[in-house]
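Residue numbers (the numbering used here): 28 to 157.
This is the structure in structure tokens:
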């Protein structure tokens, strides 16, 4: 419950200010550890961190988004539901890109990625809670 509220706040904050402070990702991590939702292993954490940093390098995604993704994937979603999460992330990101391009008439400028990251976690919780 608390992580849901934090996810909603992070999504709102990123939409408004186009940034994700480290304290938000740290707070989400602490709450996620106490909630104990994910079933990740150290090897999954290492592989997801490696993949996310490669993603950051090629996409030029902000490091706040990468830290949020790392917490979401490893501590809120877990290895058992990663494929479902990625499908939700792709779907919500695609919708966000369409909305952004309609609003600004281009795919340039700052793009708030946290709503898609957080929305995918929340959608996964609604569709297949666990």
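A virtual CB, placed ideally from N, CA and C, is assigned to each residue, including glycine.
The structure presented is a predicted model; accordingly, all values stated were derived computationally and were not measured.
Residues near residue i in its chain [Cβ-Cβ closer than 7 Å; skip 5 each side]
i, result
"residue 154", "none"
"residue 46", "91"
Buried or exposed by the 16-neighbour rule on C-beta atoms within 10 Å, applied to residue i
i, result
"residue 112", "buried"
"residue 81", "exposed"
"residue 59", "buried"
"residue 103", "buried"
Spatial neighbours of residue i in its chain, beta-carbon cut-off 6 Å, leaving aside the 5 residues before and after
i, result
"residue 52", "94, 95 and 98"
"residue 86", "none"
"residue 120", "143"
Residue i - containing alpha helix (DSSP H), residue span
i, result
"residue 103", "Taken as a continuous stretch (DSSP letters only), residue 103 belongs to no alpha helix (DSSP H), as it is neither H nor E."
"residue 141", "141-154"
"residue 52", "49-62"
Contact belief for residue i with residue j at Cβ below 8 Å, rounded distance in angstroms
i, j, result
"residue 141", "residue 41", "3 Å"
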